[in-house]
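Everything on this sheet refers to the single structure shown next.
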Amino acid sequence: MGRNQELLDALSKTISDAEGREISVSSCGGHGSFFSGGGASTCSVQDENTGQKYFVKVGSTRQYDMLKAEYIGVREMYNTKTIRVPKAIGHGSTATQAYAVFEHLNLSGSRRGGRAYEMGEKLAAMHRHTSANGCFGFDIPNTCGVTPQPNEWTESWPVFFDTYRLHNLFERLRKKRGITFAKEEEVRSKIKSVLEDHVAKHNPPASLVHGDLWTGNAGFLDTGEGCIYDPACAYCDREYDLAMTHLFGSLPRPFYEGYEKAWPLPKDGQQQRQEIYNLYHVLNHALVFGGGYVQQAEAMMDEILTY
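Below is the structure:
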């Protein structure tokens, strides 16, 4: 049996178990082959009888935990019944490959004309879902892009962000790229101080966040409904999500208006916290891509030290 058929058979069983009926799927194309290297590939399969499509991510067996974590994160968001996310169908592996299966969404390919105001309201509604234990973190480690992301449950938001976001990346930058930042300790101390002040004034709850909400992980369906996907979920300060929507472009203005109407954000210090939270993502890009992201991170640290 070839690898392609072995995978299709495994996908058929996983989808059949989830849907409660016998389903046989075949490949119907996508953004990558089942066997491309590096990160996970994406493709679509379809029910041979009904034509119903499913979106699939496929990687090597060493990527099983990464794909399982994405499945769990999507399921966590879906179960809030708030903002539109693809339904998490299942996950599994063959002898040589790992995979996760999701509902296939028909994206419009355009950000214009979508129901952005409603999308903002629904993200705020998702953020109102907080951790059962009141702590920051997540049940399992996951990845932000391809970078491992620890999520140990922590009572303090400043401690969680410092330990499991910033420290994690500074260590990986040292070990993987040999990059050190002379102002690391000073910056981490400043950030903890700023976030401790934020907690004292605003006491942000441990909200369910998407965790990697740049504009490429949000869009609109052909019906106009807003949706989000490809998460790196955790329970964090909700501003963590909003900050990243401004890092690489921004979502349509009505999105922010809808969010603000549903659950206003604290205004004092918001821009400073946005820079702080986005430092994590820029450091992650420095780790993965190097180049100008290292200089961008240094400039952001210089700015943060003025707060």
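Numbering of the sequence shown is given in this note's numbering, commencing with residue 1 and proceeding in unit increments. Cβ atoms here follow ideal geometry from the backbone N, Cα and C, with glycine treated the same way.
Just the Cα atoms here: how many angstroms apart are residue i and residue j?
i: Gly20; j: Leu221; result: 27 angstroms
i: Ala299; j: Lys87; result: 40 angstroms
i: Lys309; j: Pro148; result: Residue numbering for the chain in the displayed model covers 1 to 307; residue 309 lies beyond these limits and cannot be assessed.
i: Arg174; j: Asp47; result: 47 angstroms
i: His202; j: Trp157; result: 12 angstroms
i: Ser26; j: Phe161; result: 43 angstroms
i: Lys68; j: Phe181; result: 33 angstroms
i: Pro205; j: Thr50; result: 44 angstroms
i: Thr163; j: Asp9; result: 42 angstroms
i: Asn151; j: Ile140; result: 6 angstroms
i: Ser108; j: Thr223; result: 8 angstroms
i: Glu260; j: Arg238; result: 12 angstroms
i: Gly114; j: Lys122; result: 14 angstroms
i: Thr306; j: Ala297; result: 15 angstroms
i: Gly38; j: Arg62; result: A caution first: Gly38 carries a pLDDT of 41, below 50, which makes its placement in the model too unreliable to give a value.
i: Asn4; j: Glu184; result: 47 angstroms
i: Arg128; j: Asn79; result: 13 angstroms
i: Asn168; j: Arg188; result: 12 angstroms
i: Arg177; j: His285; result: 12 angstroms
i: Val74; j: Asn133; result: 20 angstroms
i: Phe248; j: Asn278; result: 10 angstroms
i: His31; j: Lys190; result: In this predicted model, His31 has a pLDDT of only 45, less than 50, meaning its place in the structure is not dependable enough to derive any value.
i: Gly269; j: Val294; result: 25 angstroms
i: Gly292; j: Lys81; result: 39 angstroms
i: Thr42; j: Asn106; result: 15 angstroms
i: Leu213; j: Lys57; result: 19 angstroms
i: Leu7; j: Asn142; result: 24 angstroms
Keeping to the same chain, check which residues put their C-beta closer than 6 angstroms to that of residue i; ignore five residues upstream and five downstream.
i: Met119; result: Gly226, Phe255
i: His210; result: Ile228, Pro231, Asp241
i: Arg84; result: Glu225, Cys227
i: Trp153; result: Cys135, Gly137
i: Ala98; result: Gly59, Thr61, Gln63, Tyr64, Leu67
i: Ala243; result: Gln274, Tyr277, Asn278
From the DSSP secondary-structure annotation, give me the bridge partner or partners of residue i.
i: Phe220; result: Gly226
i: Val45; result: Ser27, Tyr54
i: Phe170; result: DSSP lists no partner for Phe170.
i: Glu103; result: Tyr54
i: Asn142; result: Gln149
i: Ser329; result: Absent from the model: residue 329. The displayed extent of the chain is 1 to 307, so no value can be given.
i: Gly92; result: Tyr99
i: Ala208; result: Before going further, note that residue 208 is Leu rather than Ala in the sequence given. Answer is Tyr235.
i: Phe136; result: Thr154
i: Thr130; result: Ser207
Measure the beta-carbon distance from residue i to residue j and round it to whole angstroms, keeping in mind my assumption that it falls under 8 angstroms.
i: Ser207; j: Thr94; result: Wrong, their Cβ atoms sit about 37 angstroms apart, outside the cutoff.
i: Cys144; j: Ala232; result: 4 angstroms
i: Leu287; j: Arg172; result: 5 angstroms
i: Ala308; j: Ala124; result: Absent from the structure is residue 308, since the part of the chain shown begins at 1 and ends at 307.
Beta-carbon within less than 7 angstroms of residue i's beta-carbon, same chain only, minus the 5 sequence neighbours each way: which residues are those?
i: Ile23; result: Ser12, Ile15, Ser16, Asp47
i: His104; result: Ser44, Lys53, Tyr54, Phe55
i: Leu251; result: Ala116, Thr215, Ala218, Thr245
i: Lys192; result: Pro158, Asp162
i: Glu186; result: Leu305
i: Tyr280; result: Arg165, Leu166, Leu169
i: Glu76; result: Leu208, Cys233
Residues in the same chain with beta-carbon distance under 8 angstroms from residue i, minus the five sequence neighbours each way, listed in chain order, please.
i: Gly90; result: Thr14, Ile15, Asp17, Ala18, Tyr71, Ala100, Val101
i: Glu257; result: Tyr117, Gly120
Cβ-heavy atom distance between residue i and the ligand COA below 8 angstroms?
i: Tyr229; result: Summarising the ligand content, the structure contains no ligands, and the ligand COA is consequently not present.
Check whether the stretch 194–212 and the stretch 273–286 touch, using three or more Cβ-Cβ pairs below 8 angstroms as the test. They touch, by the three-pair rule.
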